[in-house]
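Working notes, structure below.
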Amino acid sequence: QLSNQPNNPSVLPAIVDADTGELVMRNRIKDPASLQSVWNGLFIADFQAMRARALVQSEVDGNPPFSDGRDRAHGMAGRTNINFGYLTQSQRDVEEPYIQLFHAIDIFGNVPTDYGDEQQKLQWGQVISEEITRLVKNWSDFNFNIQLCVHQFTMFGVSFTFREDKYDWRWKVYDLQNLKLPRRTRATINDVDMVVCKVEMLPSELYRKIENEDAAIKAGWNPEAVKEAIKTAKQRAPDTSNPQETQETYKDQDYFSGLSATTVELIHGWVAEVDGTITHVIGRYDGQGDWLYRCEGVYESMSQLITAYTYGVGSNGDFYALRGNAWNGHNASVMMNLLTCKFMDQTIMVTTPTVQAGSEDAVI
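Quick note, the sequence shown lines up with residues 1 to 364 if you use the working numbering.
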């Protein structure tokens, strides 16, 4: 049951004004409450898919094939119940080449320049390319974000990166657990009508966005709204309406722990306007207050803000049709675990000495 979700969430913002009948060229999402309503609708639409992804997560995380509680209730607590890690090892094998590739290449791409003569252009272009690569690799979160992106990409078949504002090149990595887009959307990011993403930020991290208030306002931030959002910071609690987060909670063994990070819950929204531009907004997860960040119609395409990494095109070319290595190998891995557990039970039974007594005295 979705305890913290509304029963009748609104649909995606209309492109025609209901009162005037005119096209809404800009400002399709009016306020944070509308953004939160869109998030709720897309969350509910994706609920069954999240349950399926949670099962795959469970297999990769090493959960056994049988339920221990159910086995005890049925008097079968003694049978072998082990996850032998077939899918976990397969996932590691698939991820490893991607990780090695990122660390092996000298430069991430060529950066040409028009400065100087032809010889100087070649020299400076090479220097700039090397310096940009060094800048990115020396970023403290580079290794983590690369590994997380590769993990999500190979595991479920799709991963996303985005930047928090138009001046910060450092990217965040999210998958379909917290990043939602409309169903029946072709798996090219520029064909997406809208993207919303739930993000949790440390209060200190969020405050750094407005530390220089004049620069923050020019960048699109609302310092007063950000300060009000920071006041809502609280210890992170498991979202019991999210099957994937519930699975992660059990994996981390922190279901009953109260010592969690203090964070501010936000929702990012990227909206394709009718005039062809993209608007980026950030609001509080509870839908209250003003926009924390608003940059209206300054991007020409969704790909300037978000990058989608897709593992093929799926069965019909939609984002939600994409499947990764772990998803594709889930059923086979479960069967291999069941067979191996059964084999272990049979082996234990065969190798256990059996004593057959001829009389009651012999038994005593």
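Cβ atoms here follow ideal geometry from the backbone N, Cα and C, with glycine treated the same way.
Check: Per DSSP, H280 forms a beta bridge with which residues?
Finding: W270, C295
Checklist line | Proximity below 7 Å, CB of V281 to CB of G297 | finding: no
Notebook entry, point to check: What first and last residue would you give for the beta strand (DSSP E) that runs through M201?
Noted result: 194-201
Notebook entry, point to check: DSSP on T352, reduced to helix/strand/coil?
Noted result: coil
Check: What separation, rounded to the nearest whole angstrom, lies between the Cα atoms of D214 and P223?
Finding: 9 Å
Note to self: In whole angstroms, give me the CA-to-CA distance for R186 and G314.
What the structure shows: 10 Å
Note to self: In chain order, what are the residue ranges of uninterrupted alpha helix (DSSP H) at least 4 long that sit wholly in the stretch 55-88?
What the structure shows: 68-73
Check: Ends of the alpha helix (DSSP H) at Y250?
Finding: 243-252
Notebook entry, point to check: Any chance the CB of V24 is under 6 Å from a heavy atom of the ligand ATP?
Noted result: The ligand content of the structure shown is nil, which means the ligand ATP is not present either.
Item checked: Start and end residues, beta strand (DSSP E) containing A308 -> 306-310
Next item on the list: Could you please give me the residues that DSSP links to R186 through a beta bridge?
Entry: D318
Check: Terminal residues of the continuous alpha helix (DSSP H) containing T154?
Finding: 142-156
Check: In the structure shown, what three-state DSSP assignment does E96 receive?
Finding: helix
Notebook entry, point to check: So who's on the other strand from F162, going by DSSP bridges?
Noted result: K172, I306
Item checked: Selection from Q123, T347, N145 that minimises the alpha carbon distance to I99 -> N145
Notebook entry, point to check: Counting pairs of Cβ atoms below 8 Å between the stretch 148-163 and the stretch 113-132, do you hit three or more?
Noted result: no
Check: Between the C-alpha atoms of Y174 and L148, what's the straight-line distance to the nearest angstrom?
Finding: 8 Å
Notebook entry, point to check: To which residues of the same chain is W139 closer than 8 Å at the C-beta, ignoring the five residues directly before and after it?
Noted result: R170
Checklist line | Cα-Cα separation between S204 and T262, rounded to whole angstroms | finding: 10 Å
Next item on the list: Note the first and the last residue of the continuous alpha helix (DSSP H) segment covering N40.
Entry: 32-45
Margin query: Assess contact between the stretch 84-101 and the stretch 318-337, defined as three or more Cβ pairs (one per stretch) separated by less than 8 Å. Is contact present?
Written below: yes
Notebook entry, point to check: Closest to W39 by CA distance: which of N63, K172, L266, N81 is it?
Noted result: L266
Checklist line | Contact set for L23: own chain, Cβ-Cβ below 8 Å, skip 5 residues either direction | finding: I15, V16, D17, V274
Item checked: Inter-residue Cα distance where the pair is N7 and A45 -> Any reading at N7 must be qualified, since the residue scores a pLDDT of 47, below 50, and its modelled position is unreliable; the value itself is stated next. Going by the C-alpha atoms only, they are around 12 Å apart.
Next item on the list: Going by CA-CA distance only, name the one from Y293, I189, K137, S260 that's closest to Y207.
Entry: Y293
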